[in-house]
Amino acid sequence: MISLLIRDLKLAFRAGGGFGLGLAFFLIVTVLVPFGVGPNSVLLSKIAPGILWLGALLACLLSLDRILALDWEDGSLDLLATSPLPLEGVVTIKSLAHWLTTGLPLTLAAPLFGLLLSLPEGGYLWLVLSLMVGTPALSVIGTFGAALTVGIKRGGLLLSLLVLPLYVPTLIFGAELARRGAEGLATTTPLLMLAGITFGVIALLPFASALVLRVNLR
Amino acid sequence: MILSVQDLTITRGGIPVLEGLNFALEPGRALVLRGPNGVGKTTLLRTVAGLQPPLEGRVDCPPETIAYAAHSDGLKAMLSVTENLRFWADVFGQKDISAAISAFDLEALADRMAGTLSAGQKRRLGLARLLVTGRPIWVLDEPTVSLDTASVQMFAEAVRAHLKGGGSALIATHIDLGLEEADVFDVGPFRAKPRAAQAGAFDEGFL
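Sequence order for the protein chains is A and B. Read in order, the letters of the first sequence are residues 1 to 218 in the UniProt record's numbering. Read in order, the letters of the second sequence are residues 1 to 207 in the UniProt record's numbering.
Next up, the structure:
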C-alpha cells in the first residue's frame with residue numbers, strides 16, 4: 001500500500017507526471033477573472049470565494065483521467081488487480097495520491113490566489129479550511145469517475161461530464177462555507193455538511209470504484 | 001499447488017470462444033498453450049488469473065497463488081529498472097530483487113529509466129517481475145515476444161529453475177522453449193460452437 005503511494009507520488013513529481021499543472025491552471029483562472037468582470041474590488045471580493053472554489057474544482061478535474069488511465073494503458077492495472085493488494089485499497093491509495101498532488105497544493109496556494117481577488121481579510125482561514133475539508137471528496141469522486149471510464153479511449157470528456165454533477169454538493173457547501181466565513185456569518189452548518197459529504201464518499205465510494213474497475217477490466 | 005480447470009467455457013466480448021476445457025497443472029510441470037490467433041488463449045489466461053469470470057465451469061486454484069504476465073509489462077517509463085522491480089517486490093511482500101536482476105541480466109541497466117530501454121530489454125524487465133512475486137503458478141501470455149535467442153534461453157532457464165523449485169507455469173507461446181517438463185495443449189479443437197443468445201447477457205448492450 002505504502003509502496004503504491006510512494007510510486008504514484010514519484011510518478012507525479014517526475015517529468016510528465018502532471019504535478020503543478022492543476023496549480024498553474026488555478027492561477028490562470030484566478031488571474032483571468034478580474035479581466036472578465038473588471039477590476040472593481042468590491043465586486044471581486046464579493047465573488048472571490050465562489051470563483052476560488054470553482055477554480056480549484058476545475059483544476060482538480062484537469063488531472064482526474066491520469067488517476068487510472070495511465071496504469072491501464074501500460075498494463076499495470078491488470079497486474080495490480082492480480083496482486084495481493086485489494087482493489088478497494090488500490091483505488092483509495094490512488095485517490096489519496098491524487099489529493100496529495102492536486103487538492104493539497106491547491107488548498108495551500110489558495111490564500112495567495114485569494115489576495116489576487118481581494119478576498120476580505122477574515123475569509124482566508126475559512127477558505128483554506130473549506131478547501132481542506134472539501135477537496136478530498138473531489139479526489140475520491142473523481143477516482144470513481146476514472147474507474148467508470150477506464151479503458152475508453154480519450155474518455156476525459158466523458159469523465160468530466162460524469163463527475164461534474166457529482167461535484168455539485170461539495171461545491172455548494174464549500175463555496176457557502178468560504179463565503180459565510182468571508183462575510184463573518186455563522187459557519188457551522190455548511191462546515192458540517194461539507195465534512196459529512198467528504199466522510200460519506202470516503203467511506204462508500206472506494207467500494208463502488210473497485211466494483212466498476214473489476215467489471216471494466218474483464 | 002495444483003491448478004485444475006473443469007468444463008470451462010470462456011467468453012470474449014460476450015461471445016463464447018472456447019468451451020469444454022479440462023486440464024490440470026501439477027507442481028513442477030509446465031503447460032504450453034497452442035492455437036491460432038484469436039482462438040482465445042489470452043482470454044483463457046485472463047480467466048485463469050481471475051481477471052474475468054468464466055461463463056461455465058470452474059478454475060480450481062486460489063487466485064493468490066498466480067503470477068500473471070500479460071502482453072504489456074506494466075512498467076513505468078519514469079521509474080528506473082530497480083525502482084520498477086522494487087515496487088512489485090514490495091507489493092508482493094518480497095525483499096530480495098537481486099536474484100531477479102541477475103536472472104535476466106539487468107545489472108548493467110539497473111539505474112536506467114525503464115522508458116529508455118529497448119523493447120526486448122523492457123520485456124526482460126517485465127519477466128523479471130515474475131521472480132519477485134514469489135508465487136508458485138506463473139500464467140504467461142506470449143512471454144517471448146521481442147526477445148532475441150539469447151534472451152529466450154535466459155527465460156527458459158528461469159522457467160526451468162522455477163519448475164525445479166516446485167512451481168508450475170501455464171504459457172501461451174508459438175515458439176519451442178526446449179522445456180522437457182512441458183506438455184503441449186492445443187486449444188484449437190475446443191472452439192465454441194455458435195450459440196443462441198445467452199440468457200443473462202442483456203447487460204452487454206450497455207458496455
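Here a beta-carbon is modelled for each residue, glycine too, at the ideal position from N, C-alpha and C.
Proximity of chain A to ASP90/B at the Cβ level (cut-off 7 angstroms) is accounted for by SER3, in chain order. Interface with chain A (9 angstroms Cβ-Cβ cutoff): LYS95/B is excluded. In this structure, the beta-carbon distance from PHE92/B to LEU127/B does not fall below 9 angstroms.
Taken in chain order, the complete alpha helix (DSSP H) segments of 4 or more residues contained in the region 65-129 of chain A are 66-73, 76-81, 87-98, 104-116. Judged by DSSP secondary structure, GLU157/B falls within the alpha helix (DSSP H) whose first and last residues are 149-164. At least one CB of chain B lies nearer than 9 angstroms to the CB of LEU217/A.
Two segments are said to touch when three or more pairs of C-beta atoms, one from each, lie closer than 8 angstroms; by this definition the region 143-157 of chain A touches the region 59-76 of chain A.
According to DSSP, residue pairing for TYR68/B in a beta bridge involves VAL139/B.
Neighbours of ILE137/B in chain A, taken as residues whose beta carbon is under 8 angstroms from its own, are absent, since the nearest beta carbon is some 11 angstroms off.
Taking the Cα positions, TYR167/A is about 24 angstroms away from LEU185/A. Residue environment: ASN37/B is assigned as exposed (fewer than 16 neighbouring CB atoms within 10 Å of its CB, all protein chains considered). For ALA182/B, the enclosing beta strand (DSSP E) has its first and last residue at 182-186. Residues of the same chain with a CB within less than 6 angstroms of the CB of VAL90/A, apart from the 5 flanking positions on each side, are LEU80 in chain order.
Along the region 76-89 of chain A, the positions whose C-beta sits under 9 angstroms from a C-beta of chain B are SER76, LEU77, ASP78, LEU79, LEU80, ALA81, THR82, SER83, PRO84, LEU85, read in chain order. Only ALA49, GLY50, LEU51, GLN52, PRO53, PRO63, GLU64, ILE66, ALA67, TYR68, ALA69, ALA70, HIS71, SER72, ASP73, GLY74, LEU75, LYS76 from the region 48-76 of chain B bring a Cβ to less than 9 angstroms from some Cβ of chain A. Scanning its chain for C-beta atoms nearer than 6 angstroms, with the 5 sequence neighbours on each side dropped, one finds around VAL140/A the residues SER95, VAL201, ILE202, LEU205, in chain order.
Counting other Cβ atoms within 10 Å of its Cβ, ASN40/A stays below 16 and is therefore classed as exposed. As DSSP reads the structure, ARG34/B sits in a beta bridge with ASP186/B. Excluding the 5 residues flanking it on each side, PHE19/A has same chain C-beta neighbours closer than 7 angstroms at ALA12, PHE13, THR101, in chain order. Per DSSP, PHE199/A has no beta-bridge partner at all. Within chain B, the residues SER72, ASP73, GLY74, LEU75, LYS76, ALA77 have their CB atoms less than 9 angstroms from the CB of ASP74/A, given in chain order.
Taking C-beta atoms as the reference points, PHE26/A and ALA48/A fail to come closer than 9 angstroms. A straight-line Cα-Cα distance of about 16 angstroms links LEU70/A and HIS71/B.
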